[in-house]
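Visitor: When we follow the UniProt record's numbering, the leftmost residue of the sequence shown carries the number 1, and every step to the right adds one. Yeah, the Cβ is synthetic: ideal placement off N, Cα and C, and Gly gets one too. This one's a predicted model, so the numbers in the text were calculated from it and none came from an experiment. Attaching a single structure in structure tokens format; questions to follow.
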Amino acid sequence: MNSSHPSGARRPEPAPVRLARRQVLAAIGGLSVAGLAGCAAPAAIVRPPASAPQVRAGDAWRYRQVNRYNGLGLGETTMRVLSVAPQLRVAVSGWGAPPEGVEEIHDGPWNVLQEPAYDMLQRFETPQPLLPADLQAGATVRYSGRYRVPGLDESFEWHAWADALRWEETTVPAGRFETLRIQRRIAFRHSDLWRVRSERHETIWYAPAVNRWVRREWTGTYRRYSLERNILLREDWIASELVDYAPARG
């Protein structure tokens, strides 16, 4: 098995943050209660469920990426719809993507087959629902499957729980939007075989007005074989915020 990653398949990994067990448990508890935004929750909005997104070839979203550990900007990423059938294919360029670009691929509304959002390009063996099918507060979705990464023969477990918490107003550089806040928890086996007991925590603020999320934030924890069993390390902590939405013309 080839254990190396192809050039451009993953972002450079910074030195991991080593935390004492008590610090990590407190941090994870804070994430699960207050969410990843790190501030008081906005007031909930009462509204009917949203319909499935209606995207068209040519729709484009531009996001800025922020390192939530220090608040520094990392760059910008542009997502542009290439086609909507038989699969939804979105070209990804800019920060985090290789020079030749990469695609985000969906089988149906936000059932992802290829995901470039994290620290590695993932190809799921069965579609993973990123959002609940019912876009309303209280909706949930569960997923258990496997994914692959380019250059490796092995597949890896991926278990995800997504819960739509509430409708709320969210402000990003592109403006102020009504959003459905979705909390996701993921337990998985990382393609870096030295990582064990990997968990990821993610929040998505989906805005029907732009047919996509206006903010997406993720981080996680893991252990390493080479360290003591009670030592947890932190993943990157990345936020993506919508800067501009450009619907297709015509």
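With a threshold of 6 Å (Cβ to nearest heavy atom), would Val149 be considered close to the ligand MG?
Guide: Ligands in the displayed structure: none, and consequently the ligand MG is not present.
Visitor: Can you give me the Cβ contacts of Ala57 inside the same chain, cut-off strictly under 7 Å, excluding the 5 residues immediately before and after it?
Guide: In the sequence shown, counting from the first residue as 1, residue 57 sits at position 57. Cβ within range, chain order: Val81, Leu82, Ser83, Val84 and Ala248.
Visitor: Counting only the same chain and skipping the five closest in sequence on each side, list residues whose C-beta sits under 6 Å from that of Ala164.
Guide: Residue mapping note: residue 164 aligns to position 164 of the sequence shown, counting from 1. Excluding positions up to five away in sequence, the list reads Pro132, Ala137, Ala139, Leu180 and Ile182.
Visitor: Do Arg142 and Trp167 have their C-beta atoms closer together than 7 Å?
Guide: The count along the sequence shown starts at 1 and reaches residue 142 at position 142. The count along the sequence shown starts at 1 and reaches residue 167 at position 167. The answer is no: Cβ separation not under 7 Å.
Visitor: Would you mind sorting Ile238 into buried or exposed? The rule is 16 or more other CB atoms within 10 Å of its CB.
Guide: Indexing the sequence shown from 1 puts residue 238 at position 238. Ile238 comes out buried.
Visitor: Can you find the residues in the same chain that come closer than 7 Å, C-beta to C-beta, to Leu74, ignoring five residues on each side of it along the sequence?
Guide: Sequence index remark: in the sequence shown, residue 74 carries index 74 (1-based). Gln65, Val66, Asn67 and Trp95, listed in sequence order.
Visitor: Which runs of the beta strand (DSSP E) spanning at least 3 residues fall entirely within the region 111–138, listed in chain order?
Guide: For the region 111–138, whole beta strand (DSSP E) runs of length 3 or above, ordered along the chain, are 111–115 and 122–129.
Visitor: Short of 7 Å in beta carbon distance, which residues of its chain neighbour Asp107, apart from the five on each side in sequence? Order them along the chain.
Guide: As a working note, residue 107 is residue 107 in the sequence shown. Here the set comprises Gln87, Leu113 and Pro127.
Visitor: Within 10 angstroms of the Cβ of Pro208, are there 16 or more other Cβ atoms? Answer buried if so, exposed if not.
Guide: Locating residue 208 in the sequence shown gives position 208, where the first residue counts as 1. Result: buried.
Visitor: Taking 7 Å as the threshold (C-beta atoms), are Pro53 and Pro99 in contact?
Guide: Taking the first residue of the sequence shown as position 1, residue 99 is located at position 99. Taking the first residue of the sequence shown as position 1, residue 53 is located at position 53. Not closer than 7 Å, so no.
Visitor: Is the CB-CB distance between Glu157 and Phe188 below 7 Å?
Guide: For the purposes of this step, residue 157 is identified with residue 157 of the sequence shown, where counting begins at 1. For the purposes of this step, residue 188 is identified with residue 188 of the sequence shown, where counting begins at 1. Going by C-beta atoms, Glu157 is nearer than 7 Å to Phe188.
Visitor: Look up Ala50 in the DSSP assignment and say whether it is helix, strand or coil.
Guide: Numbered from its first residue, the sequence shown carries residue 50 at position 50. Strand, per DSSP.
Visitor: Nearest to Ala43 by CA position, among Glu235, Glu169 and Phe177, is which residue?
Guide: The residue given as residue 43 occupies position 43 in the sequence shown. Considering only alpha carbons, the answer is Glu169.
Visitor: Tell me whether Ser226 is buried or exposed, calling it buried when 16 or more other Cβ atoms sit within 10 Å of its Cβ.
Guide: In the sequence shown, residue 226 corresponds to position 226, counting from 1. Classification for Ser226: exposed.
Visitor: Could you tell me if Ser240 is buried or exposed, where buried requires 16 or more neighbouring beta carbons within 10 angstroms of its beta carbon?
Guide: Stepping through the sequence shown from its first residue, residue 240 is reached at position 240. The residue in question, Ser240, is buried, as its Cβ has 16 or more Cβ neighbours within 10 Å.
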